[in-house]
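> Okay, handing you the structure first.
Number of protein chains: 2
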Amino acid sequence: MPNGVLILFQGMPFTQHLIKPVAFFAAENRSFTMNATEPATLKTLAGELGLNVSTVSRIINAEPGTDSKWASPETIRRVHELASARGYTRNPHAASLRTSRSDLIGVIVPRLQDYVLATIYEGIDAAAETRGRMTVVANSLDDPTRQRSRTESLLARRVDGLIFGDAHIDSPFLDQLAARGVPLTLVSRRKAGHVSVTCDDVTGGRLAASHFLSTGRRRFAVIAGARYASTTVDRVAGFLDVLEEHGIGGSDVDVYYTGFDAPAGQRAVAELMAAPVRPEAVFAVNDFAAIGAIGALQKLGVVVPEDIAVVGYNDTPIAEAVSLTTVRSPMVEMGRLGFDKLLLLLDKEVVESERLPPELIVRSTA
Amino acid sequence: MPNGVLILFQGMPFTQHLIKPVAFFAAENRSFTMNATEPATLKTLAGELGLNVSTVSRIINAEPGTDSKWASPETIRRVHELASARGYTRNPHAASLRTSRSDLIGVIVPRLQDYVLATIYEGIDAAAETRGRMTVVANSLDDPTRQRSRTESLLARRVDGLIFGDAHIDSPFLDQLAARGVPLTLVSRRKAGHVSVTCDDVTGGRLAASHFLSTGRRRFAVIAGARYASTTVDRVAGFLDVLEEHGIGGSDVDVYYTGFDAPAGQRAVAELMAAPVRPEAVFAVNDFAAIGAIGALQKLGVVVPEDIAVVGYNDTPIAEAVSLTTVRSPMVEMGRLGFDKLLLLLDKEVVESERLPPELIVRSTA
DNA sequence: ACGTATGCCGCAAACGTATGCCTAATGGTG
DNA sequence: CACCATTAGGCATACGTTTGCGGCATACGT
Numbered sequence: 001m002p003n004g005v006l007i008l009f010q011g012m013p014f015t016q017h018l019i020k021p022v023a024f025f026a027a028e029n030r031s032f033t034m035n036a037t038e039p040a041t042l043k044t045l046a047g048e049l050g051l052n053v054s055t056v057s058r059i060i061n062a063e064p065g066t067d068s069k070w071a072s073p074e075t076i077r078r079v080h081e082l083a084s085a086r087g088y089t090r091n092p093h094a095a096s097l098r099t100s101r102s103d104l105i106g107v108i109v110p111r112l113q114d115y116v117l118a119t120i121y122e123g124i125d126a127a128a129e130t131r132g133r134m135t136v137v138a139n140s141l142d143d144p145t146r147q148r149s150r151t152e153s154l155l156a157r158r159v160d161g162l163i164f165g166d167a168h169i170d171s172p173f174l175d176q177l178a179a180r181g182v183p184l185t186l187v188s189r190r191k192a193g194h195v196s197v198t199c200d201d202v203t204g205g206r207l208a209a210s211h212f213l214s215t216g217r218r219r220f221a222v223i224a225g226a227r228y229a230s231t232t233v234d235r236v237a238g239f240l241d242v243l244e245e246h247g248i249g250g251s252d253v254d255v256y257y258t259g260f261d262a263p264a265g266q267r268a269v270a271e272l273m274a275a276p277v278r279p280e281a282v283f284a285v286n287d288f289a290a291i292g293a294i295g296a297l298q299k300l301g302v303v304v305p306e307d308i309a310v311v312g313y314n315d316t317p318i319a320e321a322v323s324l325t326t327v328r329s330p331m332v333e334m335g336r337l338g339f340d341k342l343l344l345l346l347d348k349e350v351v352e353s354e355r356l357p358p359e360l361i362v363r364s365t366a
Numbered sequence: 001m002p003n004g005v006l007i008l009f010q011g012m013p014f015t016q017h018l019i020k021p022v023a024f025f026a027a028e029n030r031s032f033t034m035n036a037t038e039p040a041t042l043k044t045l046a047g048e049l050g051l052n053v054s055t056v057s058r059i060i061n062a063e064p065g066t067d068s069k070w071a072s073p074e075t076i077r078r079v080h081e082l083a084s085a086r087g088y089t090r091n092p093h094a095a096s097l098r099t100s101r102s103d104l105i106g107v108i109v110p111r112l113q114d115y116v117l118a119t120i121y122e123g124i125d126a127a128a129e130t131r132g133r134m135t136v137v138a139n140s141l142d143d144p145t146r147q148r149s150r151t152e153s154l155l156a157r158r159v160d161g162l163i164f165g166d167a168h169i170d171s172p173f174l175d176q177l178a179a180r181g182v183p184l185t186l187v188s189r190r191k192a193g194h195v196s197v198t199c200d201d202v203t204g205g206r207l208a209a210s211h212f213l214s215t216g217r218r219r220f221a222v223i224a225g226a227r228y229a230s231t232t233v234d235r236v237a238g239f240l241d242v243l244e245e246h247g248i249g250g251s252d253v254d255v256y257y258t259g260f261d262a263p264a265g266q267r268a269v270a271e272l273m274a275a276p277v278r279p280e281a282v283f284a285v286n287d288f289a290a291i292g293a294i295g296a297l298q299k300l301g302v303v304v305p306e307d308i309a310v311v312g313y314n315d316t317p318i319a320e321a322v323s324l325t326t327v328r329s330p331m332v333e334m335g336r337l338g339f340d341k342l343l344l345l346l347d348k349e350v351v352e353s354e355r356l357p358p359e360l361i362v363r364s365t366a
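Listed in order, the protein sequences are those of chains F and R.
For the first sequence, the residue numbers in this note's numbering are 1 to 366.
For the second sequence, the residue numbers in this note's numbering are 1 to 366.
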């Protein structure tokens, strides 16, 4: 048998994904013929090295920086060398069982199909990746029953904490969860009594209104989402505030609570064009609703922005593509911060909510 | 102390999420004062019931249908009753450690921001939910390095199998993975040698071409995505096939490999309008690219479809909103089937790839 | 009456890791 | 030389499940 030959294993049973190509050593009368069909564990490493599992465990878990006083530099080198040669990866289930920490974070969003939430989730996941955590995401569809059931199944998987992107401003669900001691943070939507990272949506609504006023519009419609979302409530409130400050209100502004997607925008247009008097400007609390609205308006022969101006919200790529004037919200950043704050919460630190500033992006629809 | 009083615990330490409200029983001289700060385990249940953990385990794991011969009906009732009273949920880490199965499925997609992949993932997750599995998703951004690293970290978490939505038709990565014995299936994109569930993209391309021909167009452009994606390759191939069958080719059709999103559509238009002669019809292999293209065309004063007709692909909601003619692909179904086939694979069954039929949806852009 | 089948359940050993507590040898100090 | 601190590890247990292998009754067949 040749010395130090590299043998590649193929077509191994599926439980052995983690085995990497392994070098056999056949020296003199002594040869290690470790059972290559078994994935490397602390025990197998320790056995080969003539060490105790506890020693190997401590060496492997030591911070790379800290000069651990648990072993000699030589031993540490040998351990790391063999570990990487055998392709050792810690069994997270065993570790979690021992430590009762899973390093898993659950994320619940209304729907990943929604670009906004998908982007926020990317921010969460990016932050998790840098911190060595993994995330598990679930769609609640904003349905209270599903919110509960998906939450319970994530907890049953022993996630360390939860991030909600689907908070309902009027539901006791999150309060009950917090009372049970579940660490959680909120992103995108806020709710009193919980740590949240949101866009400053009141300001966002104000930006839209101010822009319309500065271009001389006087009659308005708002295409709003669901009433239970703080995003809807705050954006509408900010918008109406500014109008009121300029003495506009009452019959000069109509709010349509339809939804956050393109079809919702179409439905809203169908409604508002049926009203006795047309608005001169439409504020949609979501880009997709805005685009749906614009599509419907154009189909009716309405020219945007000459006849009716439109402003959206979030500044998704599609907004840029169709040249939609919109309010930019920091989606990725909300996700990142939402995750970071949850981590602080898990460390028993005190954490405050945060509202990130929006920015008006003027393009050609308003 | 009152009898059978219901006590609600609030503000418990965060490790105890799973404890549900617990009923204390104080009867005569005997009173269970179980340690309410500890989550229920098989041991605590068994202790309270005077049974052995193995018995409780077998009862709890028995299929609800099968009349297990492991315990008397009365005992089974008592176990289930106490389990639900204590809010018992199995510790999945302990179970996985024992069985070396995690019931976790890893999913890797180019990017969840992409509506198409997000929808496919929803199909996967929906299927997983009905089978009692959980999924973990990661973005690869179609970057080979990230594909590998995200795959390895999912494997390190001991997923039972993987579903890829980002297969590169020319990369050996998946082959290497399969050779290591990792069970996997592909969705959206196919690759020779692996089980995949895709849309019949060749047919989809043919549908688009036939439609253009039937409305009298003779000069074409294709906005294609990345060359490494089978979706690009197949859709373009089907499109060109039909043209060739009608004697069209060569300088009468240009293919622009830009990307799958709206900005890619804009870039492609910038290129194709700079060419010496304009196309009469544009086939975009993705709705978002199509919308980006339409936006760019309109900005240049080109009227769609009179000057240039446009057909997209996938039939996303935004297509309906802007009245885009497109080829519908069964996204959710692809996800579902991709998951189901992986489960079959895990059961060592033989599984075949599948191509689902597309459908042309004619609206007003072509 | 005796052997066997069945119903009902317990014993004990893993799975792989983390961690509190020991120990043995070495080096330094007074 | 006696004593103590440091270095370099080992021992043992617990985390919560699952599962092969019994074991003891009672019922049943001959």
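For each residue, glycine too, the CB sits at the ideal point set by N, CA and C.
(1) With a floor of 3 residues, list each beta strand (DSSP E) that falls wholly inside the segment 232-273 of chain F, ordered by position along the chain.
(2) Which ranges does the alpha helix (DSSP H) cover as unbroken runs of at least 4 residues, wholly within the segment 59-85 of chain R, from first to last along the chain?
(3) Check whether chain F comes within 9 Å of Pro92 of chain R, counting only Cβ atoms and requiring the distance to be less than that.
(4) Is it true that the CB of Ala178 of chain R sits closer than 9 Å to the CB of His194 of chain R?
(5) Using DSSP bridges, identify the partner residues of Ala224 of chain R.
(6) Whether or not the segment 265-279 of chain R and the segment 217-234 of chain R are in contact is what I'm after, with contact meaning three or more pairs of Cβ atoms, one per stretch, closer than 8 Å; do they touch?
(7) Helix or strand or just coil, what does DSSP make of Ile361 of chain F?
(8) Use the C-beta contact count for His93 of chain F: other C-beta atoms within 10 angstroms, 16 or more gives buried, fewer gives exposed.
(9) Based on the DSSP secondary-structure assignment, which residues constitute the bridge partners of Val311 of chain F?
(10) DSSP three-state call for Val351 of chain R: helix, strand or coil?
(11) Within 10 Å of its beta-carbon, does Glu122 of chain R have 16 or more other beta-carbons around it, so buried, or fewer, so exposed?
(12) With a threshold of 9 Å between beta-carbons, can Leu155 of chain F be considered close to chain R, or not?
(13) At a CB-CB cut-off below 9 Å, which residues of chain F make contact with Thr119 of chain R?
(14) Please classify Arg267 of chain R as buried or exposed, where buried requires at least 16 other C-beta atoms within 10 Å of its C-beta.
(15) From which residue to which residue does the beta strand (DSSP E) around Ala179 of chain F run?
(16) Determine the extent of the alpha helix (DSSP H) in which Leu373 of chain R is found, giving its start and end residues.
(17) Closer than 8 Å by C-beta to Ala293 of chain F: which residues in its own chain qualify, once you throw out the five before and the five after it? Chain order, please.
(18) Quick check: the Cα distance between Lys191 of chain R and Ala167 of chain R, rounded to an integer number of angstroms?
(19) Kindly indicate which residue of F:Arg227, F:Ala237 and F:Arg189 has the alpha-carbon position closest to the one of Gly205 of chain F.
(20) Quick one: does Leu343 of chain F have its CB under 9 Å from some CB of chain R?
(21) Check Thr316 of chain R in the structure and name its three-state DSSP category.
(22) Would you list, in chain order, the members of the segment 294-310 of chain F that have their beta-carbon closer than 9 Å to a beta-carbon of chain R?
(23) Return no unless some Cβ of chain R is closer than 9 Å to the Cβ of Pro144 of chain F.
(24) Between Ala289 of chain F and Asp261 of chain F, how many whole angstroms is the CB-CB distance? I'm expecting something under 8 Å.
(25) What did DSSP end up calling Thr44 of chain F once you bin it into helix, strand or coil?
(26) Quick check: is the beta carbon of Met334 of chain R nearer than 9 Å to any beta carbon in chain F?
(27) Can you have a look at Phe32 of chain R and say buried or exposed, based on whether 16 or more other CB atoms are within 10 angstroms of its CB?
(28) Mind listing the chain F neighbours of Ile291 of chain R? Cutoff is C-beta to C-beta under 8 Å, in chain order.
(29) How would you label Asn286 of chain R, buried or exposed, when you count the other beta carbons within 10 angstroms and need 16 or more for buried?
(30) Grab the span of the beta strand (DSSP E) containing Thr135 of chain R for me, first residue to last.
(31) Which residues share a DSSP beta bridge with Leu356 of chain R?
(32) What residue range does the beta strand (DSSP E) around Ile105 of chain F cover?
(33) Measure the alpha-carbon distance for Arg90 of chain F versus Cys199 of chain R and round it to whole angstroms.
(34) Would the beta-carbon of Ile108 of chain F fall within 9 Å of that of Arg158 of chain F?
(35) Once you ignore the five residues that flank Ala118 of chain F on each side, which residues in its own chain have a CB closer than 7 Å to its CB?
(36) Considering only residues of the same chain and omitting the five flanking positions on each side of Thr185 of chain R, which have a CB-CB separation below 6 Å?
Put simply:
(1) 253-257
(2) 73-85
(3) Reading the second sequence from its first residue, position 92 is the one you call residue 92 of chain R. Yes, Pro92 of chain R lies at the interface with chain F (some Cβ there is under 9 Å from its Cβ).
(4) Counting from 1 along the second sequence, the entry for residue 194 of chain R is found at position 194. Counting from 1 along the second sequence, the entry for residue 178 of chain R is found at position 178. Against a cut-off of 9 Å, the Cβ pair of Ala178 of chain R and His194 of chain R comes out as a contact.
(5) Position 224 of the second sequence holds residue 224 of chain R. In DSSP, Ala224 of chain R forms a bridge with R:Tyr257.
(6) yes
(7) Locating residue 361 of chain F in the first sequence gives position 361, counting from the first residue. In the structure shown, Ile361 of chain F sits in a strand (DSSP, three-state: E or B).
(8) Within the first sequence, numbered from 1, the residue matching residue 93 of chain F stands at position 93. With 16 or more other Cβ atoms within 10 Å, it is buried.
(9) Numbered from 1 along the first sequence, position 311 holds the residue referred to as residue 311 of chain F. Beta-bridge pairing links Val311 of chain F to F:Phe283 and F:Thr325.
(10) Taking the first residue of the second sequence as position 1, residue 351 of chain R is located at position 351. Coil at Val351 of chain R, not helix or strand.
(11) Residue mapping note: residue 122 of chain R aligns to position 122 of the second sequence, counting from 1. Counting Cβ neighbours within 10 Å, Glu122 of chain R comes out buried, since at least 16 surround it.
(12) As a position in the first sequence, residue 155 of chain F is number 155, starting the count at 1. Leu155 of chain F counts as touching chain R.
(13) If you number the second sequence from 1, residue 119 of chain R lands on position 119. Chain F residues near Thr119 of chain R: Leu112 and Gln113.
(14) As a first step, residue 267 of chain R must be located in the second sequence, where it is residue number 267. Flag for Arg267 of chain R reads buried.
(15) Working through the first sequence from its first residue, we reach residue 179 of chain F at position 179. Segment Phe173 to Ala179 is the alpha helix (DSSP H) holding Ala179 of chain F; no beta strand (DSSP E) there.
(16) There is no way to answer for residue 373 of chain R, as the model of chain R reaches only from 1 to 366.
(17) In the first sequence, counting from the first residue as 1, residue 293 of chain F sits at position 293. Answer for Ala293 of chain F: Ile223, Gly265, Gln266, Ala268, Val269, Val282, Ala284 and Val310, listed in chain order.
(18) Within the second sequence, residue 191 of chain R is the residue found at index 191, counting from 1. Within the second sequence, residue 167 of chain R is the residue found at index 167, counting from 1. So the two alpha carbons sit approximately 7 Å from each other.
(19) Position 205 of the first sequence holds residue 205 of chain F. Selected option, being the one with the closest Cα: F:Ala237.
(20) The residue you call residue 343 of chain F lines up with position 343 of the first sequence. For Leu343 of chain F, the answer is no, since every Cβ of chain R falls outside 9 Å of its Cβ.
(21) Residue numbering aside, residue 316 of chain R sits at position 316 when the second sequence is read from its first letter. Residue state, collapsed to three classes: coil.
(22) Ile294, Gly295, Ala296, Gln298 and Lys299
(23) As a first step, residue 144 of chain F must be located in the first sequence, where it is residue number 144. So no, Pro144 of chain F is outside the interface.
(24) Taking the first sequence and counting its residues from 1, the one referred to as residue 289 of chain F is at position 289. Taking the first sequence and counting its residues from 1, the one referred to as residue 261 of chain F is at position 261. Right, their Cβ atoms sit about 7 Å apart.
(25) In the first sequence, the residue the question calls residue 44 of chain F occupies position 44. Thr44 of chain F: helix per DSSP, three-state reduction.
(26) Here residue 334 of chain R corresponds to residue number 334 of the second sequence, with the count starting at 1. Chain F contact via Cβ: absent.
(27) Sequence index remark: in the second sequence, residue 32 of chain R carries index 32 (1-based). Caution applies to Phe32 of chain R, whose pLDDT of 36 falls short of 50 and renders its modelled position unreliable; the model cannot decide the point.
(28) In the second sequence, the residue the question calls residue 291 of chain R occupies position 291. Residues of chain F passing the Cβ test: Ile318, Ala321 and Val322.
(29) Start at 1 with the first residue of the second sequence, and residue 286 of chain R comes out as number 286. Asn286 of chain R comes out buried.
(30) Taking the first residue of the second sequence as 1, we reach residue 135 of chain R at position 135. Per DSSP, Thr135 of chain R belongs to the beta strand (DSSP E) from Met134 to Asn139.
(31) Here residue 356 of chain R is taken as the residue at index 356 of the second sequence, counted from 1. Looking at the DSSP assignment, Leu356 of chain R forms a beta bridge with R:Cys199.
(32) As a first step, residue 105 of chain F must be located in the first sequence, where it is residue number 105. Counting along the chain, the beta strand (DSSP E) containing Ile105 of chain F begins and ends at Leu104 to Val109.
(33) Position 90 of the first sequence, counted from the start, is the residue given in the question as residue 90 of chain F. Position 199 of the second sequence, counted from the start, is the residue given in the question as residue 199 of chain R. C-alpha separation (whole angstroms): 39 Å.
(34) Within the first sequence, residue 108 of chain F is the residue found at index 108, counting from 1. Within the first sequence, residue 158 of chain F is the residue found at index 158, counting from 1. Cβ distance not < 9 Å, so Ile108 of chain F and Arg158 of chain F don't count as in contact.
(35) As a first step, residue 118 of chain F must be located in the first sequence, where it is residue number 118. Here the set comprises Leu112.
(36) Indexing the second sequence from 1 puts residue 185 of chain R at position 185. Within the same chain, Thr185 of chain R has close Cβ partners Ile163, Val195, Gly338, Lys341 and Leu342.
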